[in-house]
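**Q** Let me begin by handing over the structure; questions about it come next.
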């Protein structure tokens, strides 16, 4: 049995499957547009070989180590670095073996599909990872990683990536992006403006971050107007490196639209460090509307990613730092939360705000009805825990009837795991084709239209929505 | 390829499809019972020709113009009238062309299915609307609309409507209904008692509405007892025109059961215009219980439609008025909200309260468990954005196992778009047959039982629940 | 047509069905592990014949009488005992006839599947219950119930029950369990520690319950430390009868982790009867964390069942008492609510806390992400209203991709209806096999792996998670 079946993720019913297959054949080789992700620009800049298989595939992937941790494996055993630098497992092969012994935990998860796709497509492996073959597969992958055609730029080209966006702090000097640009390499890697650290008063080092923002721009970030101007300058700087979007990760979707004077006073409070929790939330809320206004000015597409309770476990945060699998979705309100911003800018047809959610109960109830009427709003693809076959299917089933396909923006891979990018796009393309095939086989959509829509979902919508 | 396939909306799997088809053949020609809708009684009274295709099919349909607006088309271009009468597009053909150019936006939406059904069944069109054939189809439809057999009464009969209920303000004189009755036409058109404008203190002109209610009934609507008595008289008046139901559109499902003295004091506050937001909400809550008590007295079936944030965009409300596609569903609580009313009247077997929701997360969690035990409660069909194939499927999947089929009330079309009525019932009948066919093909229900249930869902339940 | 089809609950598509069938054949005869239920230990102790068919199958089953009540049948007519002992229908045959006339109400519900399974498998009936055959089937079942091989112990063995857990109040003397143990019968029946009546200050007779707890243990339950020690002693007592778990039914999932001194002061307030609603909620919250700590000490697996609004109708509570079908699910938060307990004990790999929910919207959003990372957490199967084919399918579809299969704990039947136990396990096994078959037929899981997982879901996971 092959590791990847050509009909994977298509409905078992033969007629629906054959339609899905035909749709997929029409789009499987389209270039990948990756408008939102977390790969490191340094990789493309330095173009160094990736380290061993464990450090490439396991250590940086929170989907993997959170599952193993949930079953009693300690993160130290998996080589996840500690915050204080106390030692963890350093032997890639030992990590790999431990992982292989637990590979059955991923049955039924997207991680399993992504990994098998990577093993098969990238490394030419055609057997399932087990404790028995762990060493052999490790050696096989390790050997390939030393080849030039497994370096980041080669992979970028092999993956048929037309463009990839990284995510970069507002105060980032974009040095790696400069290095890429100056290198003469033709791969298109653009930054995205991610200002959370200078927008969220709860972010570690907020005051220092604002000082740095001021220093970088020559603006007085001790005052509201200078602070806003500093954002404008940084956004322009990012655009000069090809950025087409900003990205905003907030605890909630709350927005506000204060009078300029009120906003200025709120800024003073936040800047002084005397703000309480409500002030801080209100400041974040106000900044979403400010960023939307700047988007109207400069054309950056705005992405809002709300609803994650970050670093839920304080002991794990203390020992391993941020982003270690302990971010948990929460119930998220949009209808009331977005209203101040929508009242201000929601009917602007030139503005694009892409909404994401971790709360699927809002797809049909809130997000599709909002995006189905406000010209400024579009729906991002299923995010994070929902970036999965079932999650994608639920998104299409719950959002399409009210928002249609054309108020969505195609797929983004949202990943730190570079080798999994083709796998993730492939899953999305297959699930979308399966969904379209169901519509066709139930005579809810004509097949010629389904081909057009499949092309849009795989390629066109992302390109246009993100202006890439 | 025909515009409508005979097997549309049935499962692709041949055995399930053939069961669905057999079930559907048994009910496809049953008369339509339309217990809740928003067609104009004037149409049936005057029986005038409908105007041009755009004014029949596009301008009044918020599903259509909200989708086009979301993609940058202005409502003025679609002929949607402005509140201040400032001019909008008046050329039906221009509106139609603009619509045709954007017809692809409706792919995967119920609007597309309803329109294709209307084009095919009503106008004999068998090609998909495109920019290229827009003019030809426009002319074709326009010509038909001038025929007598496309007048409202002829369509009513062609649609096989056994009875249709309109929705009428409590202070409506039912003049059009009188004209229908006096005309001798045998079509059965009945009103429904919709008292929102005299129950909701936030409704525009609330005080004047109460004055008018007093004038109509000869009751003193300056006092609680007279106000209640005025409701009783209007309900009796509506019943004299065949009304069998009342309908209540509230922001939430909150109910209250105050002591009469408290209720009277609350009324005085509301009547005086000095009520705050909490008072107003409490008054609406109290009135649901009062209406339920009157339903026990006079037998009107009570419909509760909560959970829509009306007129979400103030700029659009100011320019175009109410009901222009900017009503957005919100999270809605029922278990706590309905308790005061249920404590008062919930176990009355003679009372029928039909609950609707825009929040699908309550189907399995709250509504089915409530309707599955309280004799006074029944579940209305999927409403508004959820009146769609996927929405109907989710409703059956989430509500049936706990509430059964017999605590639901069949389908209602809820529409302003008269020509779409057969399409909407047809979609509901097909989706229900497909759901039943799945139960049969998975051996969860016998086929003879499925035929009985299909008949009930298409016809019997609505007739009995609404006493039509 | 047979009452039970061999392929019931399997997908209609032939390939998927054949995989499901193969998976099911591999596990259908596995012993039943029943780690959570509400059968009476007295049955196994006394081993008396069950009374008539109505008293066995209808009177104690709230799924049945709530549905009939919702359609206008009075509970008195069904023989449901009143709180004050006022007379109700006493003729089992009359109850049975009334039930049979309403059997159509259960179309599409799991109750129908459970009953047909019981009729067919246990009583050899192969025709659908109707008003016409009601008397004949009644006589048939009544005759069988007099046979020795229909006594509780014989049924236990016939059902292939490897072990069953009852649910027992903390102050129960476990006399029936002692009688079972002393009888020499080899059937394994164990208790579970259910301390709600001595943990929830809102429970009827709370103060007296604590007095009794003190008397039973010789501890001073007038003070916090004595109260905790009394719990420890009772848990040890339960363990001496084979208990492996505790069970906690709370209105919400709120937890707390107060300092010992604060907890002691809160206990004093609660013990004195002067606590307000917030104090009481906080005490329940604190006790979940205390119980979790004791579980680390003594190894009892902890089950948390939150989110039911008990006895929603006060009139029904007054007339018929608790547990009469008027418990309604409510929206339930876990991410914030569990945090204090998780901060204290969530990363303990030796602790097992099994979470249940009545709010399906949290499966993908909260529960799977939490159980997919915290080693102490596992997900219980779909509960109560969601213990149904559609409910189980939604659980697998929404929880698997993030939590995997191995952070779930298999099935439990949760039932008072002893004869339905095999039916309920059979439904769960079939639905799980159908789900796995879909993964296999969509090439998301290999068939050999699906066989392993099916075995785990049917047997292994429950045995290990509950330490049975």
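Chains as they are written, first to last, in this note's numbering: chain A, 1 to 468; chain B, 1001 to 1468; chain C, 2001 to 2468.
Quick reminder that beta carbons are idealized off the backbone N, C-alpha and C, glycines included.
Straight-line CA distance for residue 411 of chain A to residue 231 of chain A?
**A** For this step, residue 411 of chain A is matched to residue 411 along the first chain. For this step, residue 231 of chain A is matched to residue 231 along the first chain. Approximately 28 Å between the Cα atoms of the pair.
**Q** Establish whether the CB of residue 270 of chain A and some CB of chain B are separated by less than 8 Å.
**A** Position 270 of the first chain, counting from 1, holds the residue named residue 270 of chain A. So, not an interface residue.
**Q** I want to see whether chain B comes within less than 8 Å of residue 2360 of chain C, judged by CB atoms only; does it?
**A** Taking the third chain and counting its residues from 1, the one referred to as residue 2360 of chain C is at position 360. Among the CB atoms of chain B, one or more fall inside 8 Å of the CB of residue 2360 of chain C.
**Q** Would you say residue 1418 of chain B lies against chain A (beta-carbon separation less than 8 Å)?
**A** Stepping through the second chain from its first residue, residue 1418 of chain B is reached at position 418. No - not a single Cβ of chain A is within 8 Å of the one on residue 1418 of chain B.
**Q** Do the CB positions of residue 1431 of chain B and residue 1113 of chain B come within less than 8 Å of each other?
**A** Translated into positions along the second chain, residue 1431 of chain B becomes position 431. Translated into positions along the second chain, residue 1113 of chain B becomes position 113. Against a cut-off of 8 Å, the Cβ pair of residue 1113 of chain B and residue 1431 of chain B comes out as no contact.
**Q** Whole angstroms is fine: what's the gap from residue 2168 of chain C's alpha carbon to residue 2290 of chain C's?
**A** Reading the third chain from its first residue, position 168 is the one you call residue 2168 of chain C. Reading the third chain from its first residue, position 290 is the one you call residue 2290 of chain C. Going from the Cα of residue 2168 of chain C to the Cα of residue 2290 of chain C covers about 19 Å.
**Q** Counting C-beta neighbours from all protein chains within 10 Å, is the total for residue 1225 of chain B 16 or more, i.e. buried, or is it exposed?
**A** One-based indexing of the second chain puts residue 1225 of chain B at position 225. Exposed, by the Cβ-count rule.
**Q** When the Cα atoms are used, what is the spatial distance from residue 251 of chain A to residue 307 of chain A?
**A** Within the first chain, residue 251 of chain A is the residue found at index 251, counting from 1. Within the first chain, residue 307 of chain A is the residue found at index 307, counting from 1. If I take the Cα positions, the gap works out to 5 Å.
**Q** Whose Cβ in chain B lies nearer than 8 Å to the Cβ of residue 2013 of chain C?
**A** Start at 1 with the first residue of the third chain, and residue 2013 of chain C comes out as number 13. Those within 8 Å of residue 2013 of chain C in chain B are 1013.
**Q** Could you give the residue range of the alpha helix (DSSP H) that holds residue 2269 of chain C?
**A** Locating residue 2269 of chain C in the third chain gives position 269, where the first residue counts as 1. Its alpha helix (DSSP H) spans residues 2260-2272.
**Q** Should residue 38 of chain A and residue 423 of chain A be called a contact, given that it needs their Cβ atoms to be closer than 8 Å?
**A** Taking the first chain and counting its residues from 1, one reaches residue 38 of chain A at position 38. Taking the first chain and counting its residues from 1, one reaches residue 423 of chain A at position 423. For residue 38 of chain A and residue 423 of chain A, no; Cβs fall outside 8 Å.
**Q** Give the straight-line distance between the Cα atoms of residue 2218 of chain C and residue 2263 of chain C, rounded to the nearest whole angstrom.
**A** Here residue 2218 of chain C refers to the residue found at position 218 of the third chain. Here residue 2263 of chain C refers to the residue found at position 263 of the third chain. Answer to the nearest angstrom: the Cα atoms are 22 Å apart.
**Q** Can you tell me whether DSSP reads residue 324 of chain A as helix, strand or coil?
**A** Here residue 324 of chain A corresponds to residue number 324 of the first chain, with the count starting at 1. Three-state DSSP puts residue 324 of chain A in coil, outside helix and strand.
**Q** At 7 Å on the CB atoms, spell out the chain B contacts of residue 252 of chain A, in chain order.
**A** Within the first chain, residue 252 of chain A is the residue found at index 252, counting from 1. Within 7 Å Cβ-Cβ: nothing; residue 252 of chain A doesn't reach chain B, min ~14 Å.
**Q** Does the Cβ-Cβ distance between residue 144 of chain A and residue 138 of chain A come in under 8 Å?
**A** Residue mapping note: residue 144 of chain A aligns to position 144 of the first chain, counting from 1. Residue mapping note: residue 138 of chain A aligns to position 138 of the first chain, counting from 1. The answer is no: Cβ separation not under 8 Å.
**Q** Rounded C-beta distance between residue 1053 of chain B and residue 1166 of chain B? I'm assuming under 8 Å.
**A** Counting from 1 along the second chain, the entry for residue 1053 of chain B is found at position 53. Counting from 1 along the second chain, the entry for residue 1166 of chain B is found at position 166. Cβ atoms of residue 1053 of chain B and residue 1166 of chain B stay farther apart than 8 Å, at about 23 Å.
**Q** By Cβ distance, which residues of its chain are closer than 6 Å to residue 2050 of chain C, with the 5 residues on each side in sequence left out?
**A** Position 50 of the third chain, counting from 1, holds the residue named residue 2050 of chain C. Cβ within range, chain order: 2056, 2145.
**Q** Alpha helix (DSSP H) containing residue 279 of chain A: first to last residue?
**A** Translated into positions along the first chain, residue 279 of chain A becomes position 279. Here the alpha helix (DSSP H) through residue 279 of chain A covers 277-298.
**Q** Tell me, please, whether the CB atom of residue 1410 of chain B is closer than 8 Å to any CB atom in chain C?
**A** Within the second chain, residue 1410 of chain B is the residue found at index 410, counting from 1. So, not an interface residue.
**Q** Please state if the CB of residue 329 of chain A and the CB of residue 395 of chain A are separated by a distance shorter than 8 Å.
**A** As a working mapping, residue 395 of chain A is identified with position 395 in the first chain. As a working mapping, residue 329 of chain A is identified with position 329 in the first chain. Taking 8 Å as the Cβ cut-off, residue 395 of chain A and residue 329 of chain A do not qualify as a contacting pair.
**Q** Would you list, in sequence order, the uninterrupted alpha helix (DSSP H) runs of no fewer than 4 residues that lie entirely inside the stretch 1047-1079 of chain B?
**A** 1053-1057, 1062-1070
**Q** Quick one: is residue 2364 of chain C near chain D, going by C-beta distance under 8 Å?
**A** The structure shown contains no chain D; its protein chains are A, B and C.
**Q** Under 8 Å, do residue 352 of chain A and residue 465 of chain A count as touching if we go by C-beta distance?
**A** The count along the first chain starts at 1 and reaches residue 352 of chain A at position 352. The count along the first chain starts at 1 and reaches residue 465 of chain A at position 465. Yes, the Cβ-Cβ distance between residue 352 of chain A and residue 465 of chain A is below 8 Å.
**Q** Closer than 9 Å by beta-carbon distance: list the chain B residues that pair up with residue 295 of chain A, in chain order.
**A** Indexing the first chain from 1 puts residue 295 of chain A at position 295. One finds nothing in chain B with a Cβ atom closer than 9 Å to the Cβ of residue 295 of chain A; even the nearest lies about 16 Å away.
**Q** Nearest CA to the CA of residue 2380 of chain C: which residue from C:2101, C:2468, C:2355, C:2014?
**A** The residue labelled residue 2380 of chain C in the question sits at position 380 within the third chain. For the residues C:2101, C:2468, C:2355, C:2014, the minimum Cα distance to residue 2380 of chain C belongs to C:2355.
**Q** Let me know the secondary structure DSSP gives residue 248 of chain A once reduced to three states.
**A** Taking the first chain and counting its residues from 1, the one referred to as residue 248 of chain A is at position 248. It is a strand residue.
**Q** On the three-state DSSP scale, how would you describe residue 17 of chain A?
**A** Position 17 of the first chain holds residue 17 of chain A. If DSSP states are grouped into helix, strand and coil, residue 17 of chain A belongs with the helices.
**Q** If distances are taken between C-alpha atoms only, which option among A:234, A:265, A:7 comes closest to residue 222 of chain A?
**A** For the purposes of this step, residue 222 of chain A is identified with residue 222 of the first chain, where counting begins at 1. Comparing Cα-Cα distances from residue 222 of chain A to each of A:234, A:265, A:7, the minimum goes to A:265.
**Q** How many Å lie between residue 31 of chain A and residue 459 of chain A at the Cα?
**A** Here the question's residue 31 of chain A lines up with position 31 in the first chain. Here the question's residue 459 of chain A lines up with position 459 in the first chain. If you take the alpha carbons of residue 31 of chain A and residue 459 of chain A, they lie about 7 Å apart.
**Q** Could you say if the stretch 444-461 of chain A and the stretch 126-138 of chain A meet the contact criterion of at least three C-beta pairs nearer than 8 Å?
**A** no
**Q** What residue range does the alpha helix (DSSP H) around residue 440 of chain A cover?
**A** Looking up residue 440 of chain A in the first chain gives position 440. Per DSSP, residue 440 of chain A belongs to the alpha helix (DSSP H) from 421-441.
**Q** If you measure beta-carbon to beta-carbon, which residues of the stretch 362-395 of chain A are closer than 8 Å to chain B?
**A** Cβ contacts with chain B: 364, 365, 366, 368, 369, 370, 371, 372, 373, 374, 375, 377.
**Q** Closer than 7 Å between beta carbons: that is the criterion. Which residues of the stretch 2443-2455 of chain C meet it against chain A?
**A** 2443, 2444, 2445, 2446, 2449, 2453
**Q** Quick one: what's residue 953 of chain B bridged to in DSSP?
**A** The requested residue 953 of chain B does not occur in the structure, where chain B is confined to residues 1001 to 1468.
**Q** Can you pull the chain B residues whose beta carbon is under 7 Å from the beta carbon of residue 2034 of chain C, in chain order?
**A** Taking the first residue of the third chain as position 1, residue 2034 of chain C is located at position 34. Chain B residues near residue 2034 of chain C: none, gap ~22 Å exceeds 7 Å.
**Q** Considering only the beta carbon of each residue, do residue 1402 of chain B and residue 1375 of chain B sit closer than 8 Å?
**A** Here residue 1402 of chain B refers to the residue found at position 402 when the second chain is read from its first residue. Here residue 1375 of chain B refers to the residue found at position 375 when the second chain is read from its first residue. Cβ atoms of residue 1402 of chain B and residue 1375 of chain B: not closer than 8 Å.
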